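Asker: Numbering (the working numbering), first residue to last: 2 to 125. All C-beta atoms, glycine included, are put in the ideal place defined by N, C-alpha and C. Nothing here was measured: the structure is a model prediction, and the numbers come from that model.
(1) Evaluate residue 125 with the Cβ neighbour count: other Cβ atoms within 10 Å of its Cβ, from every protein chain shown; 16 or more gives buried, anything less gives exposed.
(2) Alpha carbon to alpha carbon, what distance is there between residue 44 and residue 37?
(3) From what residue to what residue does the beta strand (DSSP E) around residue 65 run?
(4) Can residue 52 and residue 30 be called in contact, C-beta distance under 9 Å?
(5) Could you compute how far the alpha carbon of residue 73 sits from the alpha carbon of residue 66?
(6) Measure the C-alpha to C-alpha separation of residue 6 and residue 95 and round it to an integer number of angstroms.
(7) DSSP three-state call for residue 13: helix, strand or coil?
(8) For the putative contact between residue 88 and residue 15, defined by C-beta atoms under 8 Å, what is the C-beta separation to the nearest angstrom?
(9) Got a sec? Which residues, its chain only, sit under 6 Å from residue 81 by beta carbon, not counting five neighbours each side?
(10) Could you have a look at residue 54 and say whether DSSP puts it in helix, strand or coil?
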């Protein structure tokens with residue numbers, strides 16, 4: 002699976018863990034640390050990357066502005082160690098939702114998957 006880690010969600014530990022599991026991982030820092038949320042969303046969509054963030058502004062881009070999107074995983078109140086565990090479990094238990102482009106909110110106690118009502122455009 003391909004991932005794009007937003008600046009607020011990127012950590013070396015998460016990046017190395019996902020890469021070690023065989024995933025293609027790009028961070029916003031590597032892409033362009035000044036990239037806007039809209040630019041990050043466009044790149045993730047074009048490249049078929051799951052966008053991992055702590056930023057709830059992506060919801061406005063998807064639901065209000067109706068931007069095409071890949072799967073977006075929003076991490077809420079998660080420490081780095083918890084994020085690594087949660088992402089491993091998410092990949093194991095919700096890979097189909099991630100590949101469909103669903104929107105996923107992960108908290109320390111819950112995972113909520115919201116089906117995407119708009120087909121994503123771009124890479125497949």
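Answerer: In terms of the structure at hand:
(1) Stepping through the chain shown from its first residue, residue 125 is reached at position 124. A caution first: residue 125 carries a pLDDT of 45, below 50, which makes its placement in the model too unreliable to give a value.
(2) On the chain shown, position 36 is the one that residue 37 refers to. On the chain shown, position 43 is the one that residue 44 refers to. Linking residue 37 to residue 44 through their CA atoms gives a straight-line distance of about 11 Å.
(3) Translated into positions along the chain shown, residue 65 becomes position 64. Element bounds for residue 65: n/a, residue is neither H nor E.
(4) Indexing the chain shown from 1 puts residue 52 at position 51. Indexing the chain shown from 1 puts residue 30 at position 29. Contact: no.
(5) For the purposes of this step, residue 73 is identified with residue 72 of the chain shown, where counting begins at 1. For the purposes of this step, residue 66 is identified with residue 65 of the chain shown, where counting begins at 1. Looking at the two C-alpha atoms, the distance is approximately 15 Å.
(6) Residue numbering aside, residue 6 sits at position 5 when the chain shown is read from its first letter. Residue numbering aside, residue 95 sits at position 94 when the chain shown is read from its first letter. Residue 6 and residue 95 have their alpha carbons spaced roughly 18 Å apart.
(7) Taking the first residue of the chain shown as position 1, residue 13 is located at position 12. It is helical.
(8) Residue mapping note: residue 88 aligns to position 87 of the chain shown, counting from 1. Residue mapping note: residue 15 aligns to position 14 of the chain shown, counting from 1. Residue 88 to residue 15, Cβ: 7 Å. Contact.
(9) By 1-based counting over the chain shown, the position of residue 81 is 80. Correct list, in chain order: 12 and 14.
(10) Your numbering for residue 54 matches position 53 in the chain shown. Residue 54: strand per DSSP, three-state reduction.
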